[in-house]
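Going by the numbering used here, the letters in the sequence shown line up with residues 39 to 195, in that order. Where a beta carbon is used, it is the ideal one built from N, C-alpha and C, also for glycine. Input: a single structure, listed below in structure tokens.
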Amino acid sequence: MRASSRQRLEALGIDVWVRRDRPLSSVRVDEARAQERQGAEGAQAGGVRVRLASGEGDWLLVQDAPWDGRHDRLLGDIQAAIGSARCRFGQWAHSESAGVSLDELESRGVRHVLVFGAVPEEAGRGGVHAAPALADLASRAQARRRLWQLLAGELGA
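This is how it looks when you write it as structure tokens:
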């Protein structure tokens, strides 16, 4: 794959896998190392990244695992409290070339990030709200109470 094609895909947040079943030439090794350094520098500059699903809301609901539909009823209640049009969904990206950095979210209209479960240390910016994991919210009243208190404070209720 040409370098320009690879760069376009990375700019779109698409991971590029490189097959390495045979030794790379020294030129390709140097090129691969340079790309790794570039990616690491980008990750340090941009920090934590999020893969965004479609939508345009100012609230981004994020979790580590893919959205699988197990907690649709609970998420429906959360969306109803915030406002369906205000919600969009995302997942933590585990690659420095995937998704968008938290710093870019504001330019995409996101003002609040509601994280279900663990919040990465680097995500400590204003507008990032830690909520219990969805499994905890589904099974523990205390976790739900904590979430509703957080939302009430942010939504001005």
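In the three-state reduction of the DSSP assignment, residue 168 falls in the strand class. Secondary structure of residue 130 (DSSP, three-state): strand. Contact check between the region 106-122 and the region 133-145: fewer than three CB pairs, one atom from each, fall below 8 Å, which does not count as touching. Between the alpha carbons of residue 88 and residue 96 lies a gap of roughly 15 Å. In this structure, DSSP gives residue 87 an extended state, which the three-state scheme calls strand. Our two residues, residue 174 and residue 52, have alpha carbons roughly 32 Å apart in a direct line. For the pair residue 103 and residue 153, the Cα-to-Cα distance works out to about 11 Å.
Straight across, the Cα-Cα distance linking residue 100 with residue 183 is about 19 Å. Non-local beta-carbon contacts of residue 150 in its own chain, meaning distances under 6 Å to residues more than five positions away in sequence, involve 97 and 165 in chain order. Judged by DSSP in its simplified three-state form, residue 97 adopts strand. For a cut-off of 8 Å, the C-beta gap from residue 189 to residue 120 is around 7 Å, short enough to register as a contact. Rounded to whole angstroms, the gap between the alpha carbons of residue 50 and residue 108 is 29 Å.
Counting the other CB atoms within 10 Å of its CB gives residue 126 a total of 16 or more, which places it among the buried residues. Between residue 130 and residue 170, the beta carbon gap of about 16 Å keeps them out of contact (Cβ cut-off 8 Å).
When secondary structure is reduced to three states using DSSP, residue 50 falls in the coil class, being assigned neither helix nor strand. Between the alpha carbons of residue 42 and residue 138 lies a gap of roughly 20 Å.
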